[in-house]
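For the record, the sequence lines run as chains A and B. Residue 72 in the working numbering sits at position 72 of the first sequence, with consecutive numbering throughout. With positions in the second sequence counted from 1, the corresponding number in the working numbering is that position plus 110. Below you'll find the structure, written out as structure tokens, and then a few comments.
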Amino acid sequence: ILNVEQSPQSLHVQEGDSTNFTCSFPSSNFYALHWYRWETAKSPEALFVMTLNGDEKKKGRISATLNTKEGYSYLYIKGSQPEDSATYLCAQNRDDKIIFGKGTRLHILP
Amino acid sequence: DTAVSQTPKYLVTQMGNDKSIKCEQNLGHDTMYWYKQDSKKFLKIMFSYNNKELIINETVPNRFSPKSPDKAHLNLHINSLELGDSAVYFCASSQGPLGNNEQFFGPGTRLTVL
Chain A
1 ILNVEQSPQS
11 LHVQEGDSTN
21 FTCSFPSSNF
31 YALHWYRWET
41 AKSPEALFVM
51 TLNGDEKKKG
61 RISATLNTKE
71 GYSYLYIKGS
81 QPEDSATYLC
91 AQNRDDKIIF
101 GKGTRLHILP
Chain B
111 DTAVSQTPKY
121 LVTQMGNDKS
131 IKCEQNLGHD
141 TMYWYKQDSK
151 KFLKIMFSYN
161 NKELIINETV
171 PNRFSPKSPD
181 KAHLNLHINS
191 LELGDSAVYF
201 CASSQGPLGN
211 NEQFFGPGTR
221 LTVL
């Protein structure tokens, strides 16, 4: 993997269900991985910064894990709520650069 | 109080003009950034300053010149605007250079070049 890739591109989830999506990135020269939540017509909001292999971080119903050796991070949302509808971006910091994925657009269905 | 502010929020201008976008942060952060969100909604870093010194300078045209008069401000000046410069530009700041520092984003400036 040469770039930061996120999957799926778009996701529809029933309110109350749990979900997760993936960020894949080059594992060489890893320094940090950032997750952001980006609501339409607003600016990105930082969720997590992860640096160590095996890191797990949690903020309310949202959590993330990091595997730097295989180059992926998962973002989990437990018990989805309408306010979780947003685009979730991951970005990798390496070689003094920050490279963003294209995001996973999450739609919560009532 | 707004942590990271940008002015103006909207900017409509003619091709060939020179314009500036201002960014200010009141978080006491040392590092500031400019990002461009292109037509495909993809976010790309343009510049980063740490303590008024340029630390990231991605491949952007020379027509784009950042200026940091102090740690709390990072302005973006664009000369000879072109149609392709139309985009949303986001300013951001963090306590230190990227790594394990969270970034705080401004509200964005939507630039439209006619």
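Idealized CB from N, CA, C, for every residue including glycine. Source: prediction; values computed, not measured.
- Residue nearest to Ile166(B) within the set Leu193(B), Phe174(B), Asn172(B) and Met156(B) is Met156(B) (criterion: CA-CA distance).
- When secondary structure is reduced to three states using DSSP, Pro82(A) falls in the helix class.
- Restricting attention to beta strand (DSSP E) runs no shorter than 3 residues, the stretch 132-187 of chain B encloses them at 141-147, 153-160, 163-167 and 174-180, ordered along the chain.
- Scanning chain B for C-beta atoms nearer than 7 Å to the C-beta of Ser43(A) yields Phe200, Phe215, Gly216, Pro217 and Gly218, reported in chain order.
- In terms of Cβ geometry, Glu45(A) and Ile108(A) do not form a close pair [threshold 8 Å].
- Any Cβ of chain B closer than 8 Å to the Cβ of Asp55(A) would place that residue at the interface, and such an atom is absent.
- For Leu109(A), the secondary structure class from DSSP, reduced to helix, strand or coil, is strand.
- One finds Tyr31, Ala32, Val49, Thr51 and Asn93 in chain A with Cβ atoms closer than 9 Å to the Cβ of Gly209(B), taken in chain order.
- DSSP places Leu47(A) in the uninterrupted beta strand (DSSP E) bounded by Glu45 to Met50.
- Neighbours of Phe152(B) in chain A, taken as residues at a C-beta separation under 8 Å, are given in chain order as Phe100 and Lys102.
- Glu212(B) has its alpha-carbon roughly 26 Å from the corresponding atom of Ser130(B).
- Residue-level contact check: Asp84(A) does not touch chain B, since none of the beta carbons of chain B fall below 8 Å from its beta carbon.
- Restricting attention to beta strand (DSSP E) runs no shorter than 3 residues, the stretch 17-43 of chain A encloses them at 19-24 and 30-38, ordered along the chain.
- The C-alpha of Leu191(B) is placed about 39 Å away from the C-alpha of Gly71(A).
- Residue environment: Met125(B) is assigned as exposed (fewer than 16 neighbouring CB atoms within 10 Å of its CB, all protein chains considered).
- In its chain, beyond the 5 residues on either side, Ala86 have a beta carbon closer than 7 Å to the beta carbon of Glu39(A).
- Put simply, the backbone Cα of Asn189(B) is about 38 Å away from that of Ser7(A).
- Put simply, of Leu121(B), Ser204(B) and Thr219(B) the residue whose alpha carbon is nearest the alpha carbon of Tyr159(B) is Ser204(B).
- With 16 or more neighbouring CB atoms inside 10 Å of its own CB, Thr219(B) falls in the buried class.
- When DSSP states are grouped into helix, strand and coil, Leu208(B) belongs to the coil group.
- Nearest CB-CB separation between Ala64(A) and chain B: not below the 8 Å threshold.
- Leu106(A) is a Cβ neighbour of Val13(A), given a cutoff of 8 Å.
- Going by beta carbons, Tyr143(B) and Lys154(B) fall outside the 8 Å limit.
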